[in-house]
Amino acid sequence: MRWNDRIGRRIKLSDLHVLVAVAQSGSMAKAAIALAVSHPVVSRSIRDLEHTLGVRLLERNPRGVELTAYGRAMLNRSHAAFDELRQGVKDIEFLSDPTVGEVRIGTSPPLAASFVFAVIDRLSRRYPRIVFRVVAEGTNQPAQRQNLNQRAVDLLIFRKVASVVDEQTSFEFLFESPYVVAAGASSPWVRRRRIALAELMVEPWALPAPDDAFGSFVTDAFRAGGLDYPPATVITSAIEMRANLLRTGRYLSVIPEFWLQLPERHPFLKKLPVELPIAGAPIGIVTLKGRKPSPVVQHFIDCAREVAKSLPRRNR
142 MRWNDRIGRR IKLSDLHVLV AVAQSGSMAK AAIALAVSHP VVSRSIRDLE HTLGVRLLER
202 NPRGVELTAY GRAMLNRSHA AFDELRQGVK DIEFLSDPTV GEVRIGTSPP LAASFVFAVI
262 DRLSRRYPRI VFRVVAEGTN QPAQRQNLNQ RAVDLLIFRK VASVVDEQTS FEFLFESPYV
322 VAAGASSPWV RRRRIALAEL MVEPWALPAP DDAFGSFVTD AFRAGGLDYP PATVITSAIE
382 MRANLLRTGR YLSVIPEFWL QLPERHPFLK KLPVELPIAG APIGIVTLKG RKPSPVVQHF
442 IDCAREVAKS LPRRNR
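Mapping to the working numbering: the sequence shown position 292 is 433, numbers consecutive.
Laid out in structure tokens, this is it:
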């Protein structure tokens, strides 16, 4: 059967929209509620799609439904199709007014509060009518990648790690930012010119839990130096809380160096002269291959390059 007869004339966007809703909810009944239509309407849309394609898209089970391999393939392309339509509307809006649009950024909380903030602050001064939607999922890297796959975000500002960057994505390097041991400006350790990591083991630490994604990195850093994970006084993954604890001058922590540099040099926190025996991955822009950024997203990418160039040369 020719393309026009089988696809161009018979597959409806409304049916694809129903398929996406069913996949997200895991149930036809829940999808019907979310779409504000009847259950038979949802069933008919799925049935029409399956009849047109000649394959089963969903498997029914006692808990609801789940996608077959054919369904997953169709869902991935449906996300791409709706994304292209959405981008087309954005392009039209940009042509009518090049100062208006939306940029959706996926990132981590530390990067959101530092580098991404610096980019948004600079770009919003040039184009005050651009809307920025920032999705900071903590250290949940698979969730960030899923957001990118499903076009829930336009790009990621993230470290180059295997769970985020692979053959389906493009990575543009922006800057290097190692992890460092930091203390408050009033800490007596700030006055030392050289410190061995082992000297700090008995100090009060504010660190994420060892089984946390970032905590596992800290564990590797201490183990690489022949040390155990220090007995933290405060266990939290919230970097803002750790930063406030550091300001007291009583605590130490391991944080990314960019947190001390952006949006400007931090006045209350200092990097200690401690060499961590493990390096962090580079930070950059992650996009899906073959997905052309909208004009306003391109503005954000260009501004991110500018901010990265303003960092010390050793970071670049």
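We put the beta carbon where it would ideally sit given N, CA and C, even for glycine.
Since residue i contacts residue j with CB under 8 angstroms, what's their CB separation in whole angstroms?
i	j	result
phenylalanine 256	leucine 401	Their Cβ separation, rounded to whole angstroms, is 12 angstroms, which puts phenylalanine 256 and leucine 401 out of contact at 8 angstroms.
valine 241	arginine 286	At roughly 29 angstroms, the Cβ-Cβ gap does not stay under 8 angstroms, so valine 241 and arginine 286 are not in contact.
aspartate 159	serine 186	According to the sequence shown, residue 159 is valine rather than aspartate. At roughly 4 angstroms, the Cβ-Cβ gap stays under 8 angstroms, so valine 159 and serine 186 are in contact.
phenylalanine 273	valine 244	5 angstroms
arginine 227	threonine 193	Arginine 227 to threonine 193, Cβ: 24 angstroms. No contact.
lysine 430	threonine 310	6 angstroms
aspartate 353	serine 378	5 angstroms
Count the other CB atoms, across all protein chains shown, that sit within 10 Å of the CB of residue i; report buried if there are 16 or more and exposed otherwise.
i	result
arginine 267	exposed
phenylalanine 314	exposed
glutamine 165	exposed
methionine 382	exposed
serine 394	buried
arginine 300	buried
arginine 457	exposed
alanine 284	exposed
serine 249	buried
alanine 254	buried
leucine 154	exposed
arginine 143	Residue confidence for arginine 143 is low, a pLDDT of 49 falling below 50, so the modelled location carries little weight; the figure read from the coordinates is stated next. With fewer than 16 other Cβ atoms within 10 Å, it is exposed.
glycine 229	exposed
glutamate 308	exposed
arginine 213	exposed
aspartate 156	buried
Do residue i and residue j have their CB atoms nearer than 8 angstroms?
i	j	result
alanine 173	valine 183	yes
serine 312	valine 427	At residue 312 the sequence reads phenylalanine, which differs from the serine that was named. Taking 8 angstroms as the Cβ cut-off, phenylalanine 312 and valine 427 qualify as a contacting pair.
valine 343	lysine 411	no
glutamate 398	proline 329	no
leucine 264	phenylalanine 441	yes
leucine 338	leucine 368	yes
isoleucine 246	leucine 296	yes
lysine 448	alanine 259	Checking the sequence shown, residue 448 turns out to be valine, not lysine. Yes, the Cβ-Cβ distance between valine 448 and alanine 259 is below 8 angstroms.
asparagine 290	valine 276	no
What residues are listed by DSSP as bridge partners for residue i?
i	result
phenylalanine 273	Val244
tryptophan 400	None, per the DSSP bridge assignment.
leucine 338	BP columns for leucine 338 are empty, so no partner.
asparagine 202	Gly205
tryptophan 346	Leu393
glycine 325	Leu410
leucine 296	Ile246
threonine 428	Ser311
Meets three-Cβ-pair contact criterion under 8 angstroms: the region 323 to 333 and the region 385 to 397: yes
Segment contact flag, the region 346 to 363 with the region 422 to 429, C-beta cutoff 8 angstroms, min 3 pairs: no
Any 3 or more C-beta pairs closer than 8 angstroms across the region 226 to 233 and the region 187 to 207: no
contact_flag[the region 344 to 358, the region 204 to 219] where n(CB pairs < 8 angstroms) is 3 or more: no
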